[in-house]
Structures are given as structure tokens and as C-alpha cells.
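Trainee: Residue numbers (the numbering used here): 1 to 80.
Here a beta-carbon is modelled for each residue, glycine too, at the ideal position from N, C-alpha and C.
Predicted, not measured: the structure shown is a model, and the values here were computed from it.
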């Protein structure tokens, strides 16, 4: 089940408060700054830090490759 588009625009990492990438094919929200995955189950994101997964370099490269190749944008643009 896809993640609601309105919800996508307001999601932020609960740890660093930065934007997340929605990778629909893997049903995850991804924070590349912390290399952290938040799973989505039945369209509901689990944003509990204690239940998130930190990925290694190989998995990070794979996820970022998909993000870049599909032109996936972050949930919001960080303010400078």
C-alpha cells in the first residue's frame, strides 16, 4: 500500500529532524545522513528510532542508487 502523498510532505527523521526519502519499491523511508531505514507497513510508517535499521555502505549505495536513478525527492527541502 503506497504512502499517502500528503503525509510524505511532512515526514521528518525523528532523530535528526531532517527530510526522509520515500522508496516505495522497498516500502521504506530512508535517511541517508544517518544511513537509517524506517519501515512502512500497510501504508503506516514506523518512525520509532529503536525499531529503525542502520545500513552498511553497500546497502546505502544500493538505496541511494535507486533514489538517484528514479529521481526520488526528499519529503521537504532543508532550510539553510
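Assuming residue 53 and residue 33 make a contact with CB atoms under 8 Å, what is their CB distance in whole Å?
Mentor: Position 53 of the chain shown, counted from the start, is the residue given in the question as residue 53. Position 33 of the chain shown, counted from the start, is the residue given in the question as residue 33. Not really, about 15 Å apart at Cβ, beyond 8 Å.
Trainee: If you draw a straight line from the C-alpha of residue 9 to the C-alpha of residue 24, how long is it?
Mentor: Taking the first residue of the chain shown as 1, we reach residue 9 at position 9. Taking the first residue of the chain shown as 1, we reach residue 24 at position 24. Using only the alpha carbons, I get a separation of about 14 Å.
Trainee: Is residue 2 closer than 8 Å to residue 43 when the C-beta atoms are compared?
Mentor: Indexing the chain shown from 1 puts residue 43 at position 43. Indexing the chain shown from 1 puts residue 2 at position 2. Yes; because the gap between Cβ atoms is below 8 Å, this pair is in contact.
Trainee: According to the neighbour-count rule (16 or more other Cβ atoms, all chains shown, within 10 Å of its Cβ), is residue 7 buried or exposed?
Mentor: As a working note, residue 7 is residue 7 in the chain shown. Exposed is the call here.
Trainee: Pick helix, strand or coil for residue 53, following the three-state DSSP scheme.
Mentor: Here the question's residue 53 lines up with position 53 in the chain shown. It is a strand residue.
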